[in-house]
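Colleague:
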Amino acid sequence: MIENLIDGPLWYLSLAVFSLGVLWQLAAILFASRKPDLSVARGSAGSSAIKTVFSRFLPHREMRARIGIQYIAGYLFHLGLFALLFFAAPHVLFLEENLLGFGWTPMPHWAFIVSAQAAFLGLIILWLRRLMNPATRLISTRDDHIAALLTFVVMLTGCLALLEEFTALRLLHRFTVELWLIYFPFSTLMHAFTFVPSRAFTGAWFGRRGVDA
Amino acid sequence: MARMKFYCDAERCIECNACVTACKNEHEIPWGVNRRRVVTIKDGEAGERSLSVACMHCSDAPCATVCPVDCFYTTGDGIVLHDKDICIGCGYCFYACPFGAPQFPEEAAFASRGKMDKCTFCAGGPEEDHSSDETRKYGRNRLSEGKLPLCAEMCSTKALLSGDADVISDIYRKRVINRGASAFNWGVSFDNAKIKG
Amino acid sequence: MKIQTLLLLLCMMLPQFSQADGPPKKQTYPEGLLSLNPGGELWSDIRQRGDSVLDGTSQVKGVDSGILINASGVEWANFRVNELTTYSSIALAAVFVLIFLFFLIRGKVGIEGGLSGRMVKRFTDYERIVHWTLAVVFLFLAITGLILLLGRPLLIPLFGKEVFSLLASASKESHNLVGPLFLVSLLMMLFSFVRRNIYEKGDLTWLLKGGGFIGDGHVSGGFFNMGEKTWYWIVILIGLVVSVTGLILVMPIFGQGRIIMEIVHVIHVICALALIVVSIGHMYMGSVGTEGTLEGMKTGYVDINWADAHHDRWGKECHEKDLIISAEEYDKLVGTSSVNEADGSKTT
Numbered sequence: 001m002i003e004n005l006i007d008g009p010l011w012y013l014s015l016a017v018f019s020l021g022v023l024w025q026l027a028a029i030l031f032a033s034r035k036p037d038l039s040v041a042r043g044s045a046g047s048s049a050i051k052t053v054f055s056r057f058l059p060h061r062e063m064r065a066r067i068g069i070q071y072i073a074g075y076l077f078h079l080g081l082f083a084l085l086f087f088a089a090p091h092v093l094f095l096e097e098n099l100l101g102f103g104w105t106p107m108p109h110w111a112f113i114v115s116a117q118a119a120f121l122g123l124i125i126l127w128l129r130r131l132m133n134p135a136t137r138l139i140s141t142r143d144d145h146i147a148a149l150l151t152f153v154v155m156l157t158g159c160l161a162l163l164e165e166f167t168a169l170r171l172l173h174r175f176t177v178e179l180w181l182i183y184f185p186f187s188t189l190m191h192a193f194t195f196v197p198s199r200a201f202t203g204a205w206f207g208r209r210g211v212d213a
Numbered sequence: 001m002a003r004m005k006f007y008c009d010a011e012r013c014i015e016c017n018a019c020v021t022a023c024k025n026e027h028e029i030p031w032g033v034n035r036r037r038v039v040t041i042k043d044g045e046a047g048e049r050s051l052s053v054a055c056m057h058c059s060d061a062p063c064a065t066v067c068p069v070d071c072f073y074t075t076g077d078g079i080v081l082h083d084k085d086i087c088i089g090c091g092y093c094f095y096a097c098p099f100g101a102p103q104f105p106e107e108a109a110f111a112s113r114g115k116m117d118k119c120t121f122c123a124g125g126p127e128e129d130h131s132s133d134e135t136r137k138y139g140r141n142r143l144s145e146g147k148l149p150l151c152a153e154m155c156s157t158k159a160l161l162s163g164d165a166d167v168i169s170d171i172y173r174k175r176v177i178n179r180g181a182s183a184f185n186w187g188v189s190f191d192n193a194k195i196k197g
Numbered sequence: 001m002k003i004q005t006l007l008l009l010l011c012m013m014l015p016q017f018s019q020a021d022g023p024p025k026k027q028t029y030p031e032g033l034l035s036l037n038p039g040g041e042l043w044s045d046i047r048q049r050g051d052s053v054l055d056g057t058s059q060v061k062g063v064d065s066g067i068l069i070n071a072s073g074v075e076w077a078n079f080r081v082n083e084l085t086t087y088s089s090i091a092l093a094a095v096f097v098l099i100f101l102f103f104l105i106r107g108k109v110g111i112e113g114g115l116s117g118r119m120v121k122r123f124t125d126y127e128r129i130v131h132w133t134l135a136v137v138f139l140f141l142a143i144t145g146l147i148l149l150l151g152r153p154l155l156i157p158l159f160g161k162e163v164f165s166l167l168a169s170a171s172k173e174s175h176n177l178v179g180p181l182f183l184v185s186l187l188m189m190l191f192s193f194v195r196r197n198i199y200e201k202g203d204l205t206w207l208l209k210g211g212g213f214i215g216d217g218h219v220s221g222g223f224f225n226m227g228e229k230t231w232y233w234i235v236i237l238i239g240l241v242v243s244v245t246g247l248i249l250v251m252p253i254f255g256q257g258r259i260i261m262e263i264v265h266v267i268h269v270i271c272a273l274a275l276i277v278v279s280i281g282h283m284y285m286g287s288v289g290t291e292g293t294l295e296g297m298k299t300g301y302v303d304i305n306w307a308d309a310h311h312d313r314w315g316k317e318c319h320e321k322d323l324i325i326s327a328e329e330y331d332k333l334v335g336t337s338s339v340n341e342a343d344g345s346k347t348t
C-alpha cells in the first residue's frame, strides 16, 4: 500500500513538482524586469561574467585565513554529494531504470562510501558552523535549516539502506528523497541551479561598472 | 526424528574436490562463495590427510549464539538453517564458527558483505519448499524430495557420508572394525602396528 | 557444555575417538613407526592444540580457508554473548544510577556569588565546531553500536525479529560508514586542543582534592583542570584505539584472520563502552551537573565568576589581560535577538 504510493504516484508528483518548479523559478529569474543600467560601461560585462563564475570558486584573498574550515567543508560536502548522487552504483541503476533509459559507469563501492563520508562530514561541519558562528546564526533563516535538515535526512536514510536488501529501508530513503524534491524549487536548495547565473549576473553587473569583482 | 550429520573419513578422502563442485553446481552458488571445501593438512608430507568440511550443523551452534539478529534456527532433523530475510551480513557467525562455514559474497573495504550463505544440508530455508524464493536464496531443497545432500551422495570414495547420525555411525563403525586392529594405530597395517621392544 | 558437545561432534569426523590431548612432541618412537598414535596427532593438529597454528591447504582460496577448526571462535562467541552484553548493560545502568545519586547528593554545582553576567571568551567557533562534530559522530556511533551489541537480548523481545533486523541492518551500515569520521574528528580534536591539555604543576593537587567533590570549595585549575585534561586524553587515546580497531574490522581486505578479528572486536567493544560510560558522566557534568558550563560550548563565552571558580588560574589571567566583556557586549557578540532591535534603533 505505502510501497505503491511511494514508488508510484508520490514519485511522479515529486518529479513533476521538482521539474516544473525549477523551470518556473528559472523562468521567473530570466524574465524578471530589470532597471536599465544607466551607468557608463567601464569594462566588458561578458568577460567579467565568465571570470566571476570561476573566481568565486576560491575565497577572496582577505577572507582566506578566516574561513578555511568553511571552504574545506563546503567542497567536501558538495563534491561528495555530487559524486554519490550521480556516480554511486545504485543511483546510476535507478536513473537508468526509472528515468533516463541509459546509464554510465558508476564509481567503485569504496569511492561511493568515501564520498558519502566526505559529504556527511562536510554537512555536519557546515551546519554546526551555521549554528556556532554568531553572524551566520543571525542571517540563517528557517528555510536554511529545513534545507540542511532535509538533505541530511536524505543522506542518512540512504546510508541506512546501504545493504540494499530491505524494502522498508529503501522506501524510507525514497520517501525522504521525494520530500526533498518537492521542497527543492521553493527553497535555497535552488542554488544548485542558480549559482552559475547568479555569479554571472553579479560579474556582468560589476564588470560593466568597472568594479573588480 | 532423525538427526542429520555429515561425516568425513580422512582415510578415504582423496581431495578430488568433487563435493565442492557438486555443491556449487547443484545450488548455483556465485563466485567467491563456497559452502564446502576440502582442506589438506601436511600436504606432501608423511601423514597427509584431507577432510571435506562444510557447516557441521552443530547441536549448540556458536553462529546461532552470537548472531546479533537471531536469524538461525535448528530444524527437527537437527539441521542448522538461517533466515536471509533477517540476516544483516555482519560476519559475526564467520568469526564464531570453528569450521569457517559461513560465506559472504563480498569482502572489500567498506563493502556490505551481503547476506551470509552457508551449507543448508540441501534443506533449503524457511520459505515454502520448492518455492522460487527458496531456490533463489538457499538453493535446491533435496531433503524434502527424500534425497540426501549431493556432496555426500556423489562422493566417489564414499569418504563423505551424510544422513541420520545412527545410520552413519553404524557404517563407520563397520569400516573401523574392517580396518583391523589399527583403530589406535591408524594408517598402519596390523603387523607393523605391533609395538616392538 | 557447549564446547564439549562440539568436541564430541568433531570427534566423529575422525577415524577414531581419540581422547588424547596431543602426544608428547619429542618422543622417539620404536623402529618403523612414525608416531605412536597418528590419529591422535592429526586430531591434535586439527584442534590447534600444538604450539603453532596448523595451516592446511585448500583449493578454496580465502582467509583462513586452510584452517579446519578455529576453536577460539566459540570462546569469542560465548564471551560476547555472556560477559560483554551482561557487563556492558550493568555498566550502563550503573553509570546512570551513579549520576542520579550524585545529583541527589551534590545537586547542581553552583558558583559562589552566582553568575555575574560579565563574560570571557573560552572557545573559538572552530573549537566548538570540532567539539560538536566529534560529539554528534560519537553519539551516533554509540547508539548504533549499542543497538548491535544489546539489541538481541533487549530489543528483539520488544519489536520482534523482522523489525529489529531492519534496525540492526540500518545500524550496522551507518555505523560502518560513519565510523571513519570519528577518526577524522578525533584528529581535529587532537590538534586543536592538545596544547592546553598537557599536564602541568598543580594538576596533582586537583587530583588529591578529588576535583573539589570531596569536601567543600573549588580546587585551583588552569584553562583546563586535571579532570578535563584526563577526559581529553581518555578520548584521544581510547578513541584512537577504537578507531584503529574499527578500521581493522571494517576492512577485511588485508588477510586478517578470524583470531585477529575476534581479539580486535573485543578490544573495540570494551574501549568503546569505556568511552560511552565516561562520556555520559561528561555530558552530565557539562550540562546539568555544573552551572554555566554548557554556555562555553554553546556560545564560546563563559561567565567570569565561573572561570574564577573552576579555573582560577585562567580566570586570573583573564582579569590581568582585561579580556572580560560586559553583558551588553556579550549579547551583541553572540547575536541574541535583542541585538537586532538595538542595532535597528541605532541606524534609524
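Protein chains in written order, with this note's numbering: chain P, 1 to 213; chain B, 1 to 197; chain Z, 1 to 348.
Heads up, the beta-carbon is just placed ideally off N, CA and C, and yes, glycines get one too.
1. Closer than 7 Å, Cβ to any Cβ of chain B: which residues of the segment 120 to 145 of chain Z, in chain order?
2. What residue range does the beta strand (DSSP E) around L148(B) cover?
3. Between the alpha carbons of L181(P) and E97(P), how many angstroms are there, rounded?
4. With distances taken Cα to Cα, identify the nearest neighbour of L169(P) among I88(B), E145(B), D70(B) and P149(B).
5. Is I6(P) close to chain Z? Criterion is C-beta to C-beta, closer than 7 Å.
6. Could you check if V69(B) is buried or exposed, using at least 16 other CB atoms within 10 Å of its CB as the buried criterion?
7. For P157(Z) and L148(Z), I'd like the C-alpha separation in whole angstroms.
8. Would you kindly report the start and end of the unbroken beta strand (DSSP E) that includes G91(B)?
9. Just how far apart, CA to CA, sit W205(P) and R130(P)?
10. Using a C-beta cutoff of 7 Å, does T245(Z) count as contacting chain B?
11. Any Cβ of chain Z within less than 7 Å of the Cβ of L163(P)?
12. Please report whether the beta-carbon of I72(P) lies at a distance below 7 Å from any beta-carbon of chain Z.
13. Leaving out five residues before and five after P185(P) in sequence, what residues of the same chain have Cβ atoms less than 6 Å from its Cβ?
14. For W231(Z), which residues of its own chain have a beta-carbon under 8 Å away from its beta-carbon, when the five flanking residues on both sides are left out?
15. Between T40(B) and chain Z, is the shortest Cβ-Cβ distance under 7 Å, so that the two count as touching?
16. Straight-line CA distance for E291(Z) to K108(Z)?
17. Classify P62(B) as helix, strand or coil using the three-state DSSP reduction.
18. Indicate whether A45(P) and R208(P) have their beta-carbon atoms separated by less than 7 Å.
19. For R136(B), which of helix, strand or coil comes out of DSSP?
20. If the cut is a Cβ gap below 7 Å, which residues of chain Z does N25(B) touch?
21. Along the segment 114 to 133 of chain B, where does the CB come closer than 9 Å to a CB of chain P? Name the residues.
22. With a floor of 4 residues, list each alpha helix (DSSP H) that falls wholly inside the segment 263 to 312 of chain Z, ordered by position along the chain.
23. Please report the straight-line C-alpha distance between R3(B) and T245(Z), rounded to a whole angstrom.
24. Just the Cα atoms here: how many angstroms apart are E328(Z) and L134(Z)?
25. Using only alpha-carbon positions, find the residue among V74(Z), V235(Z) and E112(Z) that is nearest to N197(Z).
26. For a test of the three-state rule: what should DSSP assign to V40(P), helix, strand or coil?
27. For Q59(Z), name the three-state secondary structure that DSSP assigns.
28. To the nearest angstrom, how far is the alpha carbon of R66(P) from that of V302(Z)?
29. Would you give the residue range spanned by the alpha helix (DSSP H) that S169(Z) belongs to?
30. Rounded to a whole number of angstroms, what is the C-alpha to C-alpha distance between T151(P) and V196(P)?
31. Quick one: is P153(Z) near chain P, going by C-beta distance under 7 Å?
32. Excluding the 5 residues flanking L200(P) on each side, which residues of the same chain have their C-beta closer than 8 Å to its C-beta?
33. CB F77(P) to CB A119(P), shorter than 7 Å?
34. Candidates G40(Z), Q48(Z) and T57(Z): which alpha carbon is nearest G45(B)'s?
35. Is DSSP giving T157(B) helix, strand or coil here?
Modeller: If we stick to the structure as given:
1. Among the residues of the segment 120 to 145 of chain Z, none has a Cβ less than 7 Å away from any Cβ of chain B.
2. Careful: L148(B) lies outside any beta strand (DSSP E) and carries neither H nor E.
3. Roughly 19 Å between the two C-alpha positions.
4. Closest by alpha carbon: I88(B).
5. No, because no Cβ of chain Z sits closer than 7 Å to the Cβ of I6(P).
6. A buried status is given to V69(B), since no fewer than 16 other beta-carbon atoms sit within 10 Å of its beta-carbon.
7. Annotation: P157(Z) to L148(Z) spans about 14 Å, alpha carbon to alpha carbon.
8. Element bounds for G91(B): n/a, residue is neither H nor E.
9. When rounded, the distance between both Cα atoms is 29 Å.
10. Chain B has no Cβ within less than 7 Å of the Cβ of T245(Z).
11. Yes, because at least one Cβ of chain Z sits closer than 7 Å to the Cβ of L163(P).
12. Contact with chain Z is absent for I72(P), since none of that chain's Cβ atoms lies less than 7 Å from the residue's Cβ.
13. For P185(P), where only same-chain residues beyond five positions count, the Cβ hits under 6 Å are G21, V22 and Q25.
14. Excluding sequence neighbours, W231(Z) sits near V278 and H282.
15. At a cut-off of 7 Å between beta carbons, T40(B) contacts chain Z.
16. If I take the Cα positions, the gap works out to 7 Å.
17. Assigned with DSSP and collapsed to three states, P62(B) falls in helix.
18. Yes, these two residues count as a Cβ contact at 7 Å.
19. Helix, per DSSP.
20. Within chain Z, no residue comes near N25(B); the closest Cβ sits about 15 Å away, beyond 7 Å.
21. Residues G114 and K115.
22. Taking only runs of at least 4 residues, the alpha helix (DSSP H) segments lying wholly in the segment 263 to 312 of chain Z are 294 to 298 and 304 to 310.
23. Rounded to whole angstroms, the gap between the alpha carbons of R3(B) and T245(Z) is 41 Å.
24. Straight through space, the alpha carbons of L134(Z) and E328(Z) are spaced by roughly 32 Å.
25. If we check each option's Cα against that of N197(Z), V235(Z) comes out closest.
26. Annotated three-state conformation of V40(P) is coil, per DSSP.
27. Q59(Z) falls in the coil class under three-state DSSP.
28. Taking the straight line joining both Cα atoms gives about 23 Å.
29. Element bounds for S169(Z): K161 to F193.
30. T151(P) and V196(P) have their C-alpha atoms some 21 Å from each other.
31. No - not a single Cβ of chain P is within 7 Å of the one on P153(Z).
32. For clarity, residue 200(P) is Ala in the given sequence; the question names Leu instead. Within the same chain, A49, I50, T52 and V53 come within 8 Å of A200(P) by CB-CB distance, once the 5 residues on both sides are set aside.
33. Against a cut-off of 7 Å, the Cβ pair of A119(P) and F77(P) comes out as a contact.
34. Checking the sequence, you will find Glu at residue 45(B) rather than Gly. Comparing Cα-Cα distances from E45(B) to each of G40(Z), Q48(Z) and T57(Z), the minimum goes to T57(Z).
35. Here T157(B) sits in coil by DSSP.
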